[in-house]
Amino acid sequence: MWFQTSERKYAAGSLEMQWRGRQRSEERKKRRQRDASEECSLGGEHARTMSDRNGRTGKMPVGRRELERWAAAQEAKKKDSGGLTGVFRSAHSNGNLNLADRNLDSVPELLLSWSAPIGDENWWEVSELKKLDLSLNALSNLPDDLFASFSLLQTLHVANNKLQTLPPSLTSCPELSKLNIQHNQFATLPGFVGHLSCLSSLQVDHNAIHTLPEEIGLLHNLDTFTCSNNQLQQLPSSLGHLTSLTFLNMSSNRIEAIPGTVGNLLSLTSLEASHNLLQSLPDGLRNLSNLTRLDVRENCLTSATSLPHAPRMSELLLGFNKIQTFPPNLGDRLKSLSVLDIRDNAISNLEASDLTGLKVSMLVDNLGAPSDIDMKLKMLDVRNNEIKMVPPELGLMTTLTSILLDGNPLKTMRRCDESGGTIITGTAREILEYLRSRIQQNPEEDVPTSGLTRDVAMTIRSSVGNGLLCLKGLQLQDFPYDCFNLSDSLKSLDFSDNNLESLSERCLSWTNLHTINLANNQLSRTEQASYHVLSNLPNLTSINLQVKFLCRLTAVPEDLHFATSLVNLDMSNNQIEVG
Numbered sequence: 001m002w003f004q005t006s007e008r009k010y011a012a013g014s015l016e017m018q019w020r021g022r023q024r025s026e027e028r029k030k031r032r033q034r035d036a037s038e039e040c041s042l043g044g045e046h047a048r049t050m051s052d053r054n055g056r057t058g059k060m061p062v063g064r065r066e067l068e069r070w071a072a073a074q075e076a077k078k079k080d081s082g083g084l085t086g087v088f089r090s091a092h093s094n095g096n097l098n099l100a101d102r103n104l105d106s107v108p109e110l111l112l113s114w115s116a117p118i119g120d121e122n123w124w125e126v127s128e129l130k131k132l133d134l135s136l137n138a139l140s141n142l143p144d145d146l147f148a149s150f151s152l153l154q155t156l157h158v159a160n161n162k163l164q165t166l167p168p169s170l171t172s173c174p175e176l177s178k179l180n181i182q183h184n185q186f187a188t189l190p191g192f193v194g195h196l197s198c199l200s201s202l203q204v205d206h207n208a209i210h211t212l213p214e215e216i217g218l219l220h221n222l223d224t225f226t227c228s229n230n231q232l233q234q235l236p237s238s239l240g241h242l243t244s245l246t247f248l249n250m251s252s253n254r255i256e257a258i259p260g261t262v263g264n265l266l267s268l269t270s271l272e273a274s275h276n277l278l279q280s281l282p283d284g285l286r287n288l289s290n291l292t293r294l295d296v297r298e299n300c301l302t303s304a305t306s307l308p309h310a311p312r313m314s315e316l317l318l319g320f321n322k323i324q325t326f327p328p329n330l331g332d333r334l335k336s337l338s339v340l341d342i343r344d345n346a347i348s349n350l351e352a353s354d355l356t357g358l359k360v361s362m363l364v365d366n367l368g369a370p371s372d373i374d375m376k377l378k379m380l381d382v383r384n385n386e387i388k389m390v391p392p393e394l395g396l397m398t399t400l401t402s403i404l405l406d407g408n409p410l411k412t413m414r415r416c417d418e419s420g421g422t423i424i425t426g427t428a429r430e431i432l433e434y435l436r437s438r439i440q441q442n443p444e445e446d447v448p449t450s451g452l453t454r455d456v457a458m459t460i461r462s463s464v465g466n467g468l469l470c471l472k473g474l475q476l477q478d479f480p481y482d483c484f485n486l487s488d489s490l491k492s493l494d495f496s497d498n499n500l501e502s503l504s505e506r507c508l509s510w511t512n513l514h515t516i517n518l519a520n521n522q523l524s525r526t527e528q529a530s531y532h533v534l535s536n537l538p539n540l541t542s543i544n545l546q547v548k549f550l551c552r553l554t555a556v557p558e559d560l561h562f563a564t565s566l567v568n569l570d571m572s573n574n575q576i577e578v579g
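In full-length UniProt numbering, the protein residues as written are 1 to 579.
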């Protein structure tokens, strides 16, 4: 039958098509094997380069080792359930790989085959690695050639692992600027680190490093270097070549001396050298005029005579040493000093001139106390000393918010306060009030240069720092002469409740005065000269002229019309007629 003949022909054609398909498949397989064999014979150094439509280039894995890594990566991708694969795909797009705190005990294969695409990625879409974070893992070593192909790496964090060394291939990263190997098990720092010329930050804290290589002096761009909590006994003299250094932390080591070359670090702003075995400070320290913080606590210092002339220094920490004498005129050299810690020393004498300009002082556990203290003090801690007397003038320091005096043989301050405790353990306000009362009990201690009681004289002196002077209710008939020595530092004056009858032209020296309170004095409308003075103070913005009953004003003094800066004028309780 004709249809049977057709069926046989169709079956024969189908068999022929299947045979031809298998033949083509075998040919393709042989061709792939041949190509792979040829590529392996080329070697990794002759990697084939291809370009995409935009002209970008990239390397294909053609060497035997690269192919093996590529195959291993593909196998790792199959086993990975979306954990690291997603992290790597994201890192391929921006060049930042964060593998911190992943419980890794070895470097992932995906990192070793960084340039291999993942999934449907194109090889040209894989960015160069710029930032790598492997911190907080359990890595004990890094592959020798790990960094060989990361020429654009800029930041490497491997802190909090079990590493004992760094692979030499790190020198293949010429653009590396930040290296953090804190909290590992390094005993030495490899010398080749000194050849990472772009390093700006090097952190090697919390290891077991006992020496630093001289090559570290080659890091001329280094801005921050921290090597605290190691076993260092000395520092290399080449440290003085790090002329760009601004922050240096060598605390908690066994260092007995800071090299004199540290005086070459003219850009240094912070030097941390606490918890060491320092017996003296190098003379070169005097050169560090840009220092803002110096911490040499808990050493074996017996003196501090090599301190720099650093006008911007705000913190000087010398506590827990064996210093017996304090450097003179400290306030003149460190005019911005706000924190001074000299607790737990053996200082027996401290002059007021040494503290000029200070805001905070901690004089704990010494053998003496200052006879006078600067008026900018906010917190005073002199616990556990041998202080037998606190100067009564301390009571006039209204800026003090914390005073700690216990642990001293202060017999005169042992009386009970209102709550049943002792004054020595009272609040700052209670202590200040007590000390002020001691001044009033000794009125014979007048200031001979001005004839004022010490109370008034110290109050005037206290205004030098803050520009605020309060002489309220002292029954004064005129401004004390000492007030005019304040010149342009006086900004606010409260002279209310006194017996002032007129203002002299000496008041014109208060060029920066912006507020004056003359309420309840003896000024009257007839004293036109007084108001003429007020009208000529260029920065005066507020005047209070409330007056006593017998001296009430009936009109606004004419001269006040010329006080062009005046914003607030209080003349209440007068008899001014409007209309």
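Idealized CB from N, CA, C, for every residue including glycine. Since we're looking at a predicted model, the values are computed, not measured.
- For C300, the three-state secondary structure derived from DSSP is coil.
- Per DSSP, T85 is not a residue of any beta strand (DSSP E); the alpha helix (DSSP H) it occupies stretches across 83 to 94.
- A residue is called buried once 16 or more other Cβ atoms fall within 10 Å of its Cβ, and R297 is buried on that count.
- Pairing R312 with L268, the inter-Cα distance amounts to about 12 angstroms.
- Taken through DSSP and simplified to helix, strand or coil, F326 comes out as coil.
- For E109, the uninterrupted alpha helix (DSSP H) segment begins and ends at 109 to 112.
- Contact between the stretch 182 to 193 and the stretch 150 to 162 is present, with at least three C-beta pairs closer than 8 angstroms.
- For D283 and E315, the gap between their C-alpha atoms comes out near 20 angstroms.
- The beta-bridge partner set that DSSP reports for H157 consists of D133, N180.
- For I543, the enclosing beta strand (DSSP E) starts and ends at 542 to 544.
- With a threshold of 16 other beta carbon atoms within 10 Å, R343 meets it and is buried.
- Around N290, the same chain offers T269 as residues with beta carbons nearer than 6 angstroms, after the five sequence neighbours per side are excluded.
- Beta-bridge analysis with DSSP links E214 to no other residue.
- Counting other Cβ atoms within 10 Å of its Cβ, A208 stays below 16 and is therefore classed as exposed.
- In the displayed model, N264 falls within a helix according to three-state DSSP.
- For C470, the enclosing beta strand (DSSP E) starts and ends at 468 to 470.
- In the DSSP assignment, I516 falls within the beta strand (DSSP E) that extends over 515 to 517.
- Boundaries for T165: no beta strand (DSSP E) harbours it, and the DSSP string shows neither H nor E there.
- Rounded to whole angstroms, the gap between the alpha carbons of L490 and H309 is 28 angstroms.
- Under the three-state reduction of DSSP output, R293 falls in the strand class.
- Beyond the five residues adjoining it in sequence on each side, D494 comes within less than 6 angstroms, by CB distance, of C470, K472, N517 in the same chain, given in chain order.
- When the five nearest sequence neighbours on each side are left out, the beta carbons in the same chain lying within less than 6 angstroms of the beta carbon of S492 are those of L468, T515, in order along the chain.
- The stretch 129 to 148 makes no contact with the stretch 196 to 203: fewer than 3 CB pairs, one atom from each, lie closer than 8 angstroms.
- The Cβ neighbour count for T226, taken over all protein chains shown within 10 Å, is at least 16; the residue is labelled buried.
- Ranked by how close their Cα comes to the Cα of G217, the residues Q234, H241, Q233 have H241 in first place.
- Judged by DSSP in its simplified three-state form, T171 adopts helix.
- The beta carbons of L513 and L474 sit no closer together than 8 angstroms.
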